[in-house]
Amino acid sequence: MARINFQRFLDLMAQQAEIGATPEGGLNRPALSEMDIRARQWLFERATAAGLEVAMDGAGNQRVMLRANDPDAQTLLIGSHLDSVPNGGRFDGALGVVAGLEVLLTLKDSGAELPFHVEVVNFTDEEGTLRGLLGSSAMTGTLTAEGLPNVRGGADALQEGLSRLGLSSETLLNARRDFANVMGYLEVHIEQGTRLEQAGINIGVVTSIVGVRSYWLTLTGEAAHAGTKPMADRRDALWGAAHLIQQARELVLQYFQPGVVNFGSIHAEPGAFNIVPAEVRLALEFRHGDPEKLDAMQTALFNVIRRSATEFNLEVEITPAGLIPPAPMAEPMVQLVEQAASGLGLSHTRLMSFAGHDAQSLANVTPSVMFFVPSVRGISHNPAEYSTPQDCINAAEVMLQAVLGLADR
Ligand SMILES: [Zn+2]
Numbered sequence: 001m002a003r004i005n006f007q008r009f010l011d012l013m014a015q016q017a018e019i020g021a022t023p024e025g026g027l028n029r030p031a032l033s034e035m036d037i038r039a040r041q042w043l044f045e046r047a048t049a050a051g052l053e054v055a056m057d058g059a060g061n062q063r064v065m066l067r068a069n070d071p072d073a074q075t076l077l078i079g080s081h082l083d084s085v086p087n088g089g090r091f092d093g094a095l096g097v098v099a100g101l102e103v104l105l106t107l108k109d110s111g112a113e114l115p116f117h118v119e120v121v122n123f124t125d126e127e128g129t130l131r132g133l134l135g136s137s138a139m140t141g142t143l144t145a146e147g148l149p150n151v152r153g154g155a156d157a158l159q160e161g162l163s164r165l166g167l168s169s170e171t172l173l174n175a176r177r178d179f180a181n182v183m184g185y186l187e188v189h190i191e192q193g194t195r196l197e198q199a200g201i202n203i204g205v206v207t208s209i210v211g212v213r214s215y216w217l218t219l220t221g222e223a224a225h226a227g228t229k230p231m232a233d234r235r236d237a238l239w240g241a242a243h244l245i246q247q248a249r250e251l252v253l254q255y256f257q258p259g260v261v262n263f264g265s266i267h268a269e270p271g272a273f274n275i276v277p278a279e280v281r282l283a284l285e286f287r288h289g290d291p292e293k294l295d296a297m298q299t300a301l302f303n304v305i306r307r308s309a310t311e312f313n314l315e316v317e318i319t320p321a322g323l324i325p326p327a328p329m330a331e332p333m334v335q336l337v338e339q340a341a342s343g344l345g346l347s348h349t350r351l352m353s354f355a356g357h358d359a360q361s362l363a364n365v366t367p368s369v370m371f372f373v374p375s376v377r378g379i380s381h382n383p384a385e386y387s388t389p390q391d392c393i394n395a396a397e398v399m400l401q402a403v404l405g406l407a408d409r
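Using our numbering, the letters of the sequence shown map in sequence onto residues 1 to 409.
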């Protein structure tokens, strides 16, 4: 059985972690910052030194390629990201890119002749310093000109970052790739949660990346004297809000696990000790990986909201604030990773990803799968983020066996 070069791989992981290293042992490598550009240079230098082909698209996505003999062969993509959140960890994203690089180096060393090209992609700005999933959205054609002036990092920061790579909004919007010749997409990532660690399982195979729906809720009652107005006659918007928040929590715990619901912001008006709150604005967000369950969850949550409003004699308005559809992974690719893990004697389980990843862009256009290795104590987006050397090695080993398994199919 072909194995990766453990020491070379761990050295590569250590080398990338020096670029943008923070005193606390983390990484500060926001997308298209000076440190991100240096990490990009490092990737291309390592790849070209090993005789691999490199290229960059109009979105700044870096491509490292190992060619099959047949120039018309299909391409298998392996990807993740080298950018980090501000003061983040050294594994988030980087593990996937470096594991992919190590797989290419191993395949090249072995002289194996695969029936497809293998290409490792370092996607631009997965983390959202500028926009979030910027490179993978551009590559898969879901990025539109309309959204660019309102990107979360600011339009100017986006232009500035792109110009550091000699790119522009124009090249960004033209970075769409033809996926007709792409056979699939694989991504490995740290879990950023505790399910694998708690269960003592080596590999988590993702069946779906959750959909996210966000709404603003406005509950309207009536302002009144907080002393003289009898309790039974009040139309207190905050009582209604408190009630519905509690009801929503119980609903999701009881019927929609592993789905989650969150009320991340609350604002009451007029906002004084001695006035009964007349209006409350709540930020509601909920997530599930199964499209049908997500729909059912929405119906049930809206029922709870409307019933609470009625009970407290309030008006309610529900305004959409964002929608990310669930991204189911391709079952044959899920099985491919499971077989790869089993072949290595590693335990595995299926789970949903509750965080966003580039795989959710790719799942729209090609059979995709991602898998996780444990994160110690689930710590992530934090300098203390850590996965053991053995878990990192498992990530690269499963990736290699999945690629070889696909070649056998
Ligand atoms: Zn990540």
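We treat Cβ as the ideally placed atom computed from N, Cα and C, and that holds for glycine. Please read all numbers here as calculations on a predicted model, not as lab measurements.
| Asked | Found |
| --- | --- |
| Closer than 7 angstroms: residue 331 CB and nearest ligand 1 heavy atom | no |
| Exposure label - residue 174; buried when at least 16 CB within 10 Å | exposed |
| Contact belief for residue 290 with residue 332 at Cβ below 8 angstroms, rounded distance in angstroms | The Cβ separation is near 19 angstroms, so there is no contact. |
| Alpha-carbon to alpha-carbon, residue 149 and residue 315 | 35 angstroms |
| Euclidean distance between Cα positions of residue 137 and residue 274 | 50 angstroms |
| Alpha helix (DSSP H) segment containing residue 255, residue limits | 237-255 |
| The region 264-274 in contact with the region 215-230 per 3-pair CB rule at 8 angstroms | yes |
| Residue of 135, 2, 84 and 216 minimising C-alpha distance to residue 113 | 2 |
| Continuous alpha helix (DSSP H) stretch holding residue 104: start and end | 94-110 |
| Limits of the beta strand (DSSP E) - the one that residue 209 falls within | 203-209 |
| Proximal residues to residue 268 (C-beta, below 6 angstroms), its chain only, five neighbours per side dropped | 238, 277 and 280 |
| Cβ neighbours of residue 99 in the same chain (closer than 6 angstroms, five flanking residues each side left out) | 188, 395, 396 and 399 |
| Of the listed residues 35, 67 and 355, nearest to residue 212 (C-alpha basis) | 355 |
| Selected residue, minimal CA-CA separation from residue 196, among 322, 389, 378 and 336 | 378 |
| Between the CA atoms of residue 168 and residue 105 - distance to the nearest angstrom | 32 angstroms |
| Identified DSSP bridge partners for residue 120 | 64 and 78 |
| Coil, strand or helix - residue 334 by DSSP | helix |
| CB of residue 102 within 8 angstroms of CB of residue 374, strictly | no |
| Where residue 370 falls: helix, strand or coil (DSSP) | strand |
| Residue range of the beta strand (DSSP E) that includes residue 350 | 348-353 |
| Residue 169 - DSSP class collapsed to helix/strand/coil | helix |
| Residue 398 - containing alpha helix (DSSP H), residue span | 389-408 |
| Three-state secondary structure assigned by DSSP to residue 44 | helix |
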